[in-house]
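To keep things clear, I will list the structure first and then write my remarks on it.
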Amino acid sequence: MTTSEAYEGPPQDDSEGFDSSRAEHFLPVLDLQDSGILTSIELITPQLAAQYLSKQDQNRKAFDHRVQLYARQMRRGEWKLSPQGISFDEKDRLLDGQHRLRAVIEARRSVPFFVFRRVPKDVQMVFDQGLPRTAGQAAQILGLNLKPREMAIGSAMLMRIPPVNVEEIRTLKERIDFCLAYQDAIRFAAKVSRYAGSQPCEHASVRAIVARAYYSHSKERLAQFLYCLDTGFISDEADSAAVALRNVWLGRKSTSGYTFRQDLYTKTAAALLAFLEGRPLRLVRPLTYQPFGVEGLSD
Numbered sequence: 178m179t180t181s182e183a184y185e186g187p188p189q190d191d192s193e194g195f196d197s198s199r200a201e202h203f204l205p206v207l208d209l210q211d212s213g214i215l216t217s218i219e220l221i222t223p224q225l226a227a228q229y230l231s232k233q234d235q236n237r238k239a240f241d242h243r244v245q246l247y248a249r250q251m252r253r254g255e256w257k258l259s260p261q262g263i264s265f266d267e268k269d270r271l272l273d274g275q276h277r278l279r280a281v282i283e284a285r286r287s288v289p290f291f292v293f294r295r296v297p298k299d300v301q302m303v304f305d306q307g308l309p310r311t312a313g314q315a316a317q318i319l320g321l322n323l324k325p326r327e328m329a330i331g332s333a334m335l336m337r338i339p340p341v342n343v344e345e346i347r348t349l350k351e352r353i354d355f356c357l358a359y360q361d362a363i364r365f366a367a368k369v370s371r372y373a374g375s376q377p378c379e380h381a382s383v384r385a386i387v388a389r390a391y392y393s394h395s396k397e398r399l400a401q402f403l404y405c406l407d408t409g410f411i412s413d414e415a416d417s418a419a420v421a422l423r424n425v426w427l428g429r430k431s432t433s434g435y436t437f438r439q440d441l442y443t444k445t446a447a448a449l450l451a452f453l454e455g456r457p458l459r460l461v462r463p464l465t466y467q468p469f470g471v472e473g474l475s476d
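Sequential numbering of the sequence shown, starting at 178, is according to our numbering.
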């Protein structure tokens with residue numbers, strides 16, 4: 178394909194995407210003369226990706242989880258051509274896109290990208306400053322019957338112990354599909370017990386552990402755990418683990434941040450396990466393993 182030919186998208190009869198035997202496809206579509214930036218669409222093969230990565234100067238450290246996530250999307254044909262592409266500076270050094278390029282190599286697929294050349298190097302300081310779209314927002318945009326709170330609980334169910342950031346190991350589509358598949362458990366766990374002046378513990382990291390236990394434990398007992406947790410009322414010392422976890426929640430200094438979510442998730446697992454076993458508990462310590470497996474989900 179020459180630079181004067183129109184870009185027609187991937188061939189219709191190629192289920193794996195573009196024909197990887199075509200080493201390089203390059204189409205300048207815009208020359209921003211005022212800025213000097215050149216914009217094009219390129220079909221980037223694994224070989225070309227390796228060549229571009231060799232032009233990397235002082236980019237940030239690559240994260241393998243992100244590379245694997247992108248590669249999985251590429252292999253499944255879920256990766257879309259978008260303005261988030263590959264950027265090079267005035268000296269043809271790679272500025273942005275190393276995770277995407279590494280994913281092309283990992284996926285062994287040829288993938289089309291927007292490529293920006295002659296980008297001023299100082300632009301690198303403002304890359305990735307946008308606010309990512311949440312899974313709940315994406316579900317609403319797609320018109321799915323999933324509330325943002327339900328998406329948050331479902332996404333938290335995918336956390337591991339020891340915890341790993343779900344966004345680094347699961348694609349947005351995987352999280353949405355999971356929430357749709359386990360919607361009954363999520364909606365059960367999302368129910369909140371309220372009374373005047375109560376401070377129910379609604380955090381997704383807490384509700385996610387209850388949702389994970391939904392398929393393997395008594396729903397009546399799980400509902401009692403949520404009631405004790407939300408209200409602080411217990412009728413038996415064997416239920417004290419719920420109040421101990423509630424005290425963790427009420428004593429919090431923050432409700433945001435990955436470290437807080439990790440701590441709350443693992444402590445909820447410990448408290449719920451003690452509650453279901455009828456063990457009195459005063460002090461909740463983080464659990465180091467996942468006691469509530471979900472069928473079809475590898476932890």
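Here a beta-carbon is modelled for each residue, glycine too, at the ideal position from N, C-alpha and C.
When the Cα atoms are used, residue 394 and residue 337 turn out to be separated by approximately 20 Å.
In this structure, 353 is the residue among 415, 353, 433 with its C-alpha nearest to the C-alpha of residue 315. Of the candidates 360, 370, 408, the residue whose Cα lies closest to the Cα of residue 388 is 360.
Note that the C-beta distance between residue 390 and residue 330 is not below 8 Å. Within the model, the alpha-carbon separation for residue 453 versus residue 323 is close to 29 Å. Taking a contact to require three or more Cβ pairs closer than 8 Å, the region 414-430 and the region 446-461 qualify as touching. If you draw a straight line from the Cα of residue 241 to the Cα of residue 230, it comes to about 15 Å. In this chain, residue 411 is not harboured by any beta strand (DSSP E), its DSSP state being neither H nor E.
Less than 8 Å divides the Cβ of residue 239 from the Cβ of residue 275.
Of all alpha-carbon atoms in 326, 419, 264, the one lying nearest the alpha-carbon of residue 380 is that of 326. Within a 10 Å sphere around the beta-carbon of residue 253 sit fewer than 16 other beta-carbons, which makes this residue exposed. When rounded, the separation of the alpha-carbon atoms in residue 270 and residue 233 is 6 Å.
The Cβ-Cβ distance between residue 218 and residue 289 falls below 8 Å. Taking the Cβ atoms as the reference, residue 350 lies roughly 21 Å from residue 472, outside the contact range of under 8 Å. For residue 461, there is no enclosing alpha helix (DSSP H), as DSSP marks it with neither H nor E.
Annotation: the continuous beta strand (DSSP E) that includes residue 294 extends over 288-296. Close CB contacts of residue 333 within its chain, under the 6 Å cut and outside five residues either way in sequence, are with 381, 382, 385 (chain order). By the 16-neighbour rule on beta-carbons within 10 angstroms, residue 445 is buried. Scanning its chain for C-beta atoms nearer than 8 Å, with the 5 sequence neighbours on each side dropped, one finds around residue 432 the residues 380, in chain order. Here residue 265 carries a strand assignment [DSSP, helix/strand/coil]. Note on geometry: alpha-carbon atoms of residue 357 and residue 475 lie some 17 Å from one another.
The closest CA to that of residue 464, considering only 419, 443, 470, is found on 443. Between the alpha carbons of residue 369 and residue 257 lies a distance of about 39 Å.
About 18 Å separates the beta carbons of residue 295 and residue 221, which is beyond the 8 Å limit, so they are not a contact pair. For residue 220, the enclosing beta strand (DSSP E) begins and ends at 214-221.
For residue 357, the enclosing alpha helix (DSSP H) has its first and last residue at 349-358.
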